[in-house]
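This report concerns only the one structure given below.
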Amino acid sequence: MSTLHAPILRWYDRHQRDLPWRSADASAWGVLVSEVMLQQTPVARVLPVWAAWMERWPTPAALAAEPTGEAIRMWGRLGYPRRALRLHAAATAIEERFDGRVPDTYEELLSLPGVGDYTAAAVASFAYGARHVVLDTNVRRVLARTVAGHEFAGASVTAAERRLAEAVLPTEDAPLWAVASMELGALVCTAANPRCGACPVADQCAWRLAGSPAYDGPPRRGQAWAGTDRQCRGRLMAVLRDADGPVHRTVLDGAWADAEQRERALAGLMSDALVEQVGPDTYALPG
DNA sequence: CAATCGTGGTA
DNA sequence: TTACCAAGATT
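Heads up, the first sequence stops at 304 in this note's numbering, and the numbers go up one at a time, no gaps.
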């Protein structure tokens, strides 16, 4: 498996995408913003929002100085708007606890709202050059196939999986390995219809060598959507985002027919601090 | 550990 | 058209 590195790094050198948060002059703040936006969200959708976000809030201090509702509005249709709220909270924490500078250690990064294991490792690696296992869905799939011989990684990260990722992590240039293996998973070793013909390690891929056996693990749950509270919340948030100011209850009523579910969703959004009630029958993004 | 949390592109 | 799924975190 030690022979994975050279081909993948060579492939990355030739095929890497030119993403703005990878540029040499990207700030640690820019890297952090990109990583949070990229959680469960495709690169293509993040690009324009990241650019607008960084222009408006080039530093954590700039974001922390504004109401959370502005962050939620700027988040647009990226999805999972609690990420916008947490990014704002992270900016505030960076101001208060780290003197305005994005922290450079895994532990300190992990202490920020909305930053979990992946994001902490990614920022420490990509913004500061630290050596960490950066275990995202792409890397997990690449290792599952090339080393373990399975089509897909399991539902959650296992201890064995983490040990494997640690064993593969090179001593030198760990961040380069992290970004290269992620990029391979994103562009070639994709979940559906992998482009094995373009893969630099196809000849040593355990999954291929085993005849590309179909996934036989536990069923991978799909994400229910139609008619769910999530869809209802999304509708309500879209109405509030697109409005200039407070919105009357009757307007929200028009966004979702089922009154009981609508009320539950609205209560949940307020509980999450994504929405606030500003009058007897009016609601708005938090000011 | 499992459930929850948005959105839109693609096959 | 439906189903899958994209650089996860939190509870």
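Beta carbons are placed, not taken as given, at the ideal position from N, Cα and C, and that holds for glycine. Since we're looking at a predicted model, the values are computed, not measured.
Taking Cβ to Cβ, would you say residue i is nearer than 8 Å to residue j?
i	j	result
P75	V119	no
G202	R158	yes
L26	L204	no
A88	L80	yes
V48	V140	yes
G96	T58	yes
A170	V151	no
A208	G166	no
L269	R279	yes
P217	P24	yes
D246	R281	yes
V66	L36	no
P303	G86	yes
Between the options, which has its C-alpha nearest residue i's C-alpha?
i	options	result
V53	L26, T20, D116 and L127	L127
V256	P217, E280 and A301	A301
R162	A177, V174, A147 and P230	P230
G239	A172, D220, P217 and E293	A172
Y145	A43, D116, H105 and E293	A43
V63	M91, T85, A45 and P84	M91
E277	G244, G296 and Q294	G244
T136	P98, L55, H32 and A272	L55
G93	W70, A82, R103 and C206	W70
V292	V50, L129, L102 and E83	L102
H22	S198, C206 and A176	S198
A184	A219, R148, P303 and T122	R148
Q294	A177, E113 and P263	P263
Let me check you understand the geometry: is the CB of residue i closer than 7 Å to at least one non-hydrogen atom of the ligand ZN?
i	result
V264	By its list of ligands, the structure shown contains no ligand whatsoever, and the ligand ZN lies outside what it can speak to.
Roughly how far, in whole angstroms, is the beta-carbon of residue i from the beta-carbon of residue j, given that I think they are within contact range, below 8 Å?
i	j	result
A182	S142	Not a contact, Cβ separation roughly 13 Å.
E200	Y29	6 Å
T20	Q221	6 Å
D298	R266	4 Å
R100	G133	With 8 Å as the limit, R100 and G133 do not qualify as a contact, their Cβ atoms being about 11 Å apart.
L253	A272	6 Å
P242	E168	For the sequence presented, residue 242 should be read as Trp rather than Pro. W242 to E168, Cβ: 24 Å. No contact.
V50	L104	7 Å
If you follow the beta strand (DSSP E) that residue i is in, where does it begin and where does it stop?
i	result
T245	No beta strand (DSSP E) contains T245, which DSSP labels as neither H nor E.
V295	E293 to G296
T299	T299 to A301
Alpha helix (DSSP H) containing residue i: first to last residue?
i	result
Y29	H22 to H32
T305	Outside the modelled stretch of the chain, which goes from 18 to 304, sits residue 305, for which no answer is possible.
A260	Segment: none, A260 is in no alpha helix (DSSP H) and carries neither H nor E.
G239	Neither: G239 is in no alpha helix (DSSP H) and is coded neither H nor E.
G285	A276 to S288
Every unbroken alpha helix (DSSP H) within the region 194 to 227, with a cutoff of 4 residues, ordered by chain: Listed in chain order, the complete alpha helix (DSSP H) runs (minimum 4 residues) inside the region 194 to 227 are 223 to 226.
Contained alpha helix (DSSP H) runs [length at least 4] in the region 39 to 67, N- to C-terminal order: 45 to 54
Complete alpha helix (DSSP H) runs within the region 78 to 120 (minimum length 4 residues, chain order): Within the region 78 to 120, the complete alpha helix (DSSP H) segments at least 4 residues long are 85 to 92 and 99 to 114, listed from N- to C-terminus.
Entirely enclosed alpha helix (DSSP H) segments - the region 120 to 188, minimum 4 residues: 123 to 127, 134 to 143, 154 to 160 and 176 to 185
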